[in-house]
Every structure is written in structure tokens, then in C-alpha cells.
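Structure first, then comments.
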């Protein structure tokens, strides 16, 4: 046909899997040489391909074998590591045991053959005192208010204009910061609005190490480098926030930030930040209060219970069309509309579809019957706008926090009638469980106050300094005695200049006012105050049992019984303080001392404050390792912060260190904000103390033990403390190493410096710590069983190292080594 040529067929595209290994080398060769395809392929190419495949298969097998060998080797190393870790743990435990035995033997060797009493074998240098935790405080927030206690801050006046893109960049910078990202969105938004621009020339310092800080910065443009002791640490990227600790309180900068080029920043000072936090929280609190007061079931509740309900409210968000509740469902949640509008629909016999019966707006509420009992919803509630916010609280939370509705009704019936009587009880001196002891304390205090009131205005006309018990940034604590009399006091000498420089005048005045009105066997007593040109003086009760912190430092940790007793005393002190409306805010071992009979007493009320029922306070203060999350986040705080710190104290007494402790204060705060739930407890803390700690240290204050419906009684009845804090607590003494003290009548004041770090007057250095010594007059036998020694006629006395006759004893044992 035609020219007789055969028209070739259209070539198919070769299959992309043609070289798949599944084809096999022979099949590939045959396929490539098929004349039907009209393709000429050199036979050698197929052979090379097959050879390459076989070579790769061999290489793959070899790699698999090497991988298996490596995995086996890793497993063997992991097994060895686990064994080594176990051996190290066992050796560490054995080493600790040997160290304890060695210390005991060294003390015996030191005392054997001696014929005179020497100073304590433990020489405590001044450096050791530096391990004590320091409290921090911002300026009291009352300075931000006018005479009527209303804030003088205006967000509108503090706002600085910025374009939207710049606001977003600043917001992103703040949200990248570990601390600032935990603030609520509206607080971050207000911070951004109030930040203002600051420029720095090349070579100048944005922050200088050692100087007080007052601002947080966000780098807008330019180059900044961080130095510490003139050593370069790092550089700061653009749109990064830094210096955030300064907006919490007046702190000394720990590093310098230097401008390498001309620099622009956005800045915010501490006062504006504090105002933003306070105003936003108070505005929301007032709004919630008004909502709750409009609810008939709740409007008659006292302020403290209403505040607890406010703190329990959670916000839930809905978009248009979402069902908030459905008709016919069982419900246990109460709702208040905080924003937006909802419609209420209900089924009727006349219509096949539920009909709209009403609209609800901001401030309206529904579902209140669910707080009383199981409630079957009688209607649908549906969001009618795209941004509806509801405040919610469920019945279980309500009952746990403030009690059941029936209990509240019973409470309200007698509330007004008993209000006067309750006030009298609230301001009564002492607590019922220690009534007799408190009565004795009150009578003794009245007598001493009458005597001290006759002292002349200058304190040292009638008083002489025996020694210095403590030194701090505020001043000193001196042990003083009345001239020619055997009567001792502790004199707290506070530098006026330091108080003014740190703006703590209000805290000092508050400490004086609070100590003057309280009288508890678990709180140090204030007898009188004096002042001169340089100092303010507080004449306090002399508790010569020493500092609990010093004992904890020397022993490392306490056993459970000792910890229970310490916590029991502190709990009773808190119970008394909270009953009269005082929040303490600075619990730590450094602020706990022992009296002559071994009781724990609270000292240092510099951060204490009297607050009204259901009210909150806003000043950042406390010791970094002990502050509660709501203090760090400036949410406003109340008595529940004391319960948080009680949980931290339990942990520190049992382990020797607090649970949250970072390389710097900001890192410590970030660890606290992560929560106790993220913490793995050491095995030394057993199940019951761990449960107590975790329940005291809940992130949400309304969930903390002590802040629930039964108040502080929940702590006393916890299984960890039950059977200890009872009516017999007044009969208990701290009968444990180094704390048993039976003072002998007529002994000198200088005989009782046990367990205090003693300072020289001319130098801020400690002398040898004078401890308790065990004396036996008629035997030289040495024994490590204290109870047996007591039965054999040993007695406990406190001896001044340089004032005891060597013939008074033929043998002695340093008690803390027993």
C-alpha cells in the first residue's frame, strides 16, 4: 500500500517502574531487547545495572548488621550505666552514714580527757550566714492611691501612640519571654499600649550592674551586649524583652547591658506595670462582685465567701449557634453572662420546634438551681453572637469552697446576730487550744510592758548590749539586758536611711502596729519602740533557743516528727493571725526561732499586713523561693499565700532545701509558675507529707488546703498532722536533738546564747556558736541514748562557753552529735 513502507507504531512511554528490582536482571535484559519496542539497548548496560543492584543489596545487609551491633552495644552500655548509678547511690548512702558516725567519734575524741569546757566544735564563719534567704519587696501599692484609696492611674493618659504593626512586634516580644507570656492577654495589651520609646547612644549603658532597676525594655533596633564583671556573656536580638525582674520589685541589676550601636527601645517602668496589674484585676473583681450580688441566692453572703466564689469563677467562650445548655439535660453548673447575648428557647405543645422565650445579656444569669441540687434543664440557652463569654462555677467547686447551699442558709441565719460576738472572738487574745498558756503569756506581757513603759526615751540609758544576734541589710538585732537586772530582750535596730532608700516606711509602720496588737504564744512579743536620728528600735521578746534555720543548716534536714511539730506551731500562729485579719507573707526557717521551752515562734513582721474580710492586697513581697504564683503574676493575694508558703516550709524542713530554686530569682519564679505538679519528690518525703505539700501548693488559691470551706482546720486534720495539733500541744516540748532546754533559775543572761550565730560588735563576724551540752556530774560514762541518759540522772543545761567552771562536769557530750 502506498510506497510499501510500514508506518511505525507510536511508542509508549516506558513505565517508571521498569527498573524495579522486582523485575529481575534477566527479565530486564529480555524486556530491553524486545524488537517490538523498536529500541536498541546495549546488553552491557543491563549487566552493569544488575551488578550495581547486587552490590547495593550486599551493602544494605552490611549496614543492617552494623546497626544491630551498635544497638546491642548501646543496650549493654545502658545496662552498665544503670548498674553504676545503683552502685553510686548505695555508696553515697553509705558515705553519709559514715560521715555521721565520724562526726560522733570526732566529738567524743575531742571531749575525752579534757578537764575544762571548750567552745562549740563547730566554728561558724560569717560566710555561712550568707546562705540565709533574703526577702524582697516592691514599694507598697497604697502609694498609688489617693486619700480615699482610689487609684490615681489613668490608662488613657499613660497610653503612647503606636501603629498596629509595631504593637504586634512588641506583643510578640513580650509573649516570647518565659515570665511575661503567663500574663493574661488584656494585661499584655495594656502593657504594650503604655510602653514608650527610649533611645541610647553608642557606648552608653541601658542597664548597669549593681544599680537598682526600674524598667523593662524591648529592643527595637540596634545592637546590645550583656556583660557581667566586664565579661561578655551574650548579645540581645532585636524584638527581645529584657530586664523584666525590675517591674516586680526594686532589685539590683545582676549584669550590664551596653549599646554597641545607637539603640532604640520600648520601655515600661515598674509603677505603670503595677498600676496596670492592679487596675485590671480590681476592675474585673468589681465587675464579678456586682454580677454575684445580683443573684438572689448569693446576694446576702458575706464578703469573704463572695470573694471565694469570685476566685472560683472560670470563663467559657461560645460562638453564635453554640448551645450553652440543652433542654432536658442534667446540669450542675451556674452561668453568668459576662459578654454578648444569648437566646433562651423552650419546647411547647403547640409547636414542633423550640420557641424563643427571651433574650439574656451581659449581667444576666441562669442555671442557679444547679448549685442547690441536681437540675434538669428546662430550656435551651444558645449563643446569639460570635463572641459570648460566660462565667461558670459548678456545684462541686461551690460546695468545696464555701459549703452547700443548706449550710450557707444556716450560716446566714446566725450571721448578723453573731457578728458582734464573732468580732469579739476574732480579736480575743490567744486560741482555745492554748487558752491557759495564752492567759499566762498575756499577764506576763502586761507586767513587762508596764515596766518597759517606765524606761527613758533613749533605750540605752537602761539597757546594755550583751552581744549581736543578727546582722542584715535593715540593721542589727542585739541581745540586751536591763542594767543591774537579770532581764533580757532582743533589740531590733532598723536603719532609717535604708528604710527610706527602699521606700519601706509603710512596711515598718505596719510591723510596729501589728506587733503591738497581737499576743500569741507562737509569735514574738513587742514591748516598746524607740527612735533616734539614725535608727528605729523595737524592743522584742528574747527567744534564746536560737534560729530554726541555723539548726536546719547544721543538720541538713529534719525527721518527720520534728517537721510536724514545727509546722504545728506555725499553723497555730497562722490560725491566730488570720482570725484577726493579718496576712504574714514571709514564712521561712530564717523567720522561725525557738523560745526557752522549745516552742517555735514567728518573728519579723515587716511584710505582714492587716486586710479586710474578702479583700486582696497587691504589693509584691516575700522570699523568692516562698512566694505564691498569684504574687508573681500580680493577681492580688490574700491569706492563701500563707498556706502556699507552709507547703514550701514542710518540703524544706524534710529535705534541707526549698522545692523551687533557680540560678537567679527570675528562674526561681518561672519554676514556681510551672507548678508543684511538675516536681518529682525525693524518696525521703513519704506519702502523707507529699500529699500535704501538694495540696497546700495548688496553683489556684481557691483549691489550696486551708482555703476551702473548713478553713485552716483542714490542715490540722490532715493525716500528716493529725494527732499532733490537738489540745495537748501545749504540753509537748521539742524533745529532739539540741532543742531540749531546761533553764536553771538564777543563771546569767549570758548563759543562754545556744544556737544563735554570735557576732562581734566591732566586726560583722560570728564567734563560735555556743550549743547545748549534756552534763553528768557523777559519772564519766559516755552514751548515745538520750532517753537512757535522762533516766540515769543526766540533766540538760545551757552553758556559756566562757562562764562555766571546769569542775562542774567530768564528762560531756555535744548533744547534736548524739
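Numbering (the UniProt record's numbering), first residue to last: 1 to 818.
Backbone N, C-alpha and C fix where the C-beta goes; we use that ideal spot for every residue, glycine too.
Of the candidates 655, 59, 75 and 702, 655 places its Cα closest to the Cα of residue 683. Per DSSP, the unbroken beta strand (DSSP E) holding residue 269 starts and ends at 263-269. In this structure, residue 688 keeps its C-beta atom at 7 Å or more from the C-beta atom of residue 676.
Separation of residue 383 and residue 344 (C-alpha to C-alpha, rounded to the nearest whole angstrom) is 9 Å. In this structure, the alpha-carbon of residue 463 lies about 22 Å from that of residue 603. Annotation for residue 194: the continuous alpha helix (DSSP H) segment containing it runs 185-194. In chain order, 390 and 392 place their CB closer than 7 Å to the CB of residue 316, counting only its own chain and leaving out the 5 sequence neighbours on each side. In its chain, beyond the 5 residues on either side, 605 and 606 have a beta carbon closer than 6 Å to the beta carbon of residue 511. In this structure, residue 363 and residue 291 form a Cβ contact; the two beta carbons are roughly 6 Å apart against a cut-off of 8 Å.
Counting only runs of at least 4 residues, the region 640-714 fully encloses the following alpha helix (DSSP H) elements, listed from N- to C-terminal order: 640-655, 665-674 and 687-696.
Exposure of residue 328 is indicated by the presence of fewer than 16 other C-beta atoms within 10 angstroms of its C-beta. DSSP places residue 509 outside any beta strand (DSSP E); the residue lies instead in the alpha helix (DSSP H), whose first and last residues are 505-517. Per DSSP, residue 355 lies in no alpha helix (DSSP H) segment; the continuous beta strand (DSSP E) that holds it begins and ends at 355-360. A residue is called buried when at least 16 other Cβ atoms come within 10 angstroms of its Cβ; residue 561 does not meet this threshold and is exposed. Within the model, the alpha-carbon separation for residue 698 versus residue 66 is close to 51 Å. Within the model, the alpha-carbon separation for residue 480 versus residue 534 is close to 19 Å. The three-state reading of DSSP puts residue 44 in helix, counting H, G and I together. About 4 Å separates the beta carbons of residue 223 and residue 260, which is inside the 8 Å limit, making them a contact pair.
Within the same chain, 651, 654, 655 and 693 come within 8 Å of residue 685 by CB-CB distance, once the 5 residues on both sides are set aside.
Short of 8 Å from the beta carbon of residue 244, and not among the five residues preceding or following it, lie these beta carbons of its own chain, in chain order: 177, 179, 180, 216 and 666.
Secondary structure in the region 524-593: the beta strand (DSSP E) runs of 3 residues or longer, each lying completely within the stretch, are 526-531 and 535-541 in chain order. In chain order, 141, 583, 609, 611, 636, 637 and 638 place their CB closer than 8 Å to the CB of residue 617, counting only its own chain and leaving out the 5 sequence neighbours on each side. The C-alpha of residue 596 is placed about 22 Å away from the C-alpha of residue 451.
The beta carbon of residue 233 lies closer than 6 Å to those of 226 in the same chain, with the five residues before and after it left out. Bridge pairing for residue 491: 478 and 539 [DSSP]. As summarised for the region 227-289, the continuous beta strand (DSSP E) elements at least 3 residues long and confined to that stretch are 231-236, 256-259 and 263-269, given in chain order. DSSP lists 345 as the bridge partner or partners of residue 380. The beta carbon of residue 515 lies closer than 7 Å to those of 526 and 605 in the same chain, with the five residues before and after it left out.
Between residue 593 and residue 566 the beta-carbon gap is near 11 Å, outside 8 Å, which marks them as no contact.
Residue range 388-394 is occupied by the beta strand (DSSP E) that includes residue 390, with no alpha helix (DSSP H) assigned at that position. Here residue 552 is buried, its C-beta having at least 16 other C-beta atoms within 10 Å. Checking the DSSP bridge columns, you'll see residue 327 has no partner listed.
With contacts defined by Cβ atoms closer than 7 Å, residue 542 and residue 488 form a contacting pair.
Residue 91 sits exposed, since fewer than 16 C-beta atoms from the chains shown fall within 10 Å of its C-beta. When the five nearest sequence neighbours on each side are left out, the beta carbons in the same chain lying within less than 7 Å of the beta carbon of residue 548 are those of 566, 589, 592, 593, 594 and 600, in order along the chain.
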